[in-house]
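Encoded as C-alpha cells, the structure appears first; notes follow it.
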Amino acid sequence: MLSSALYASFFFTVALLVTTAYFLMGGLPLLTLKHDTPLDARFVRGFFNVYYRAAFWASLGAFVSYALWGRYPFAIGVAVNACVVSLLRKHLLQAMQQLGAKIEASSDGAIQHFRRVHTAALCVNLVQLAAIVWGLLWLSQQLR
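Residue numbers (this note's numbering): -8 to 135.
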C-alpha cells in the first residue's frame, strides 16, 4: 500500500519540474527583448519573481512530503533547492531592480549587464531542471 506522502511527493516534484521547465522555456525568449526600457526590466524581474515564489513553495511541499515518506536524501535535495531559490530571489531580483534603474537613467553598460544577469538566472534554472530530472531518474531506480 502506497502512503499519501508518496503521492504528495510525486505531486510536488511534478509541480517543481513543470514550474522549472515552464519558466526556463518562458524566460529564454525574453532574452530577445532589447531591455532598453524600464518596462522590459520590470517585466523580466516580475517574471522571475513569480518563478522563484512558485519554485520555493513547490520545493517546500516536496521537502515535507519526502521527509514524511522517509526519503531523506530527496528531502535534503529539495531543501537545498528551496534555499538556492530564496537566495536567487533575494540577490538576482535586487540586481535586476538596480539595473532597471540604471537603464532608466541611460547608464552605459546597464543593458548588457542586465542581459548577463538574465542569462545567469536562466543557466541556474537549467541546472535546477537537470538536478530535478536526475533526482527523478535516481528515485525511479530506487523504487524498483
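Ideal Cβ placement from N, Cα and C applies to all residues, glycine included. The structure displayed is predicted, hence computed values, not measured ones.
- Message: Could you check whether Ala111 and Phe39 sit closer than 8 Å to each other, using their CB atoms as the reference points?
- Response: no
**Request:** Please specify which runs of the beta strand (DSSP E), each continuous and at least 3 residues long, are wholly inside the segment 50 to 85, giving them in chain order.
**Result:** none
**Asked** Residues in its own chain within less than 7 Å of Phe65 by CB, not counting five upstream and five downstream?
**Response** Tyr57, Gly126 and Leu130
Item to complete: Just the C-alpha distance for Arg36 and Ser97, rounded to the nearest angstrom, thanks.
Response: 18 Å
Q: Give me the Cβ distance between Leu15 and Ser50, rounded to the nearest whole Å; I'm assuming they're in contact under 8 Å.
A: Going by Cβ atoms, the distance from Leu15 to Ser50 rounds to 16 Å, so no, they are not a contact pair.
Exercise. Pull up the distance between the alpha-carbon of Ala32 and that of Ala70, whole angstroms please.
Key: 29 Å
Checklist line | Contact under 8 Å by Cβ, Ala101 with Leu90 | finding: yes
Taking Phe47 as the reference, which of Asn116, Arg107, Ser77 and Gln88 has the closest Cα? Ser77
Could you compute how far the alpha carbon of Tyr3 sits from the alpha carbon of Lys81? Contrary to the premise, residue 3 reads as Phe rather than Tyr in this sequence. The straight-line gap from Cα to Cα measures roughly 23 Å.
_Just to confirm before moving on: does the CB-CB distance between Ala12 and Leu79 stay below 8 Å?_
no
**Item:** Secondary structure of Lys25, DSSP reduced to three states
**Value:** coil
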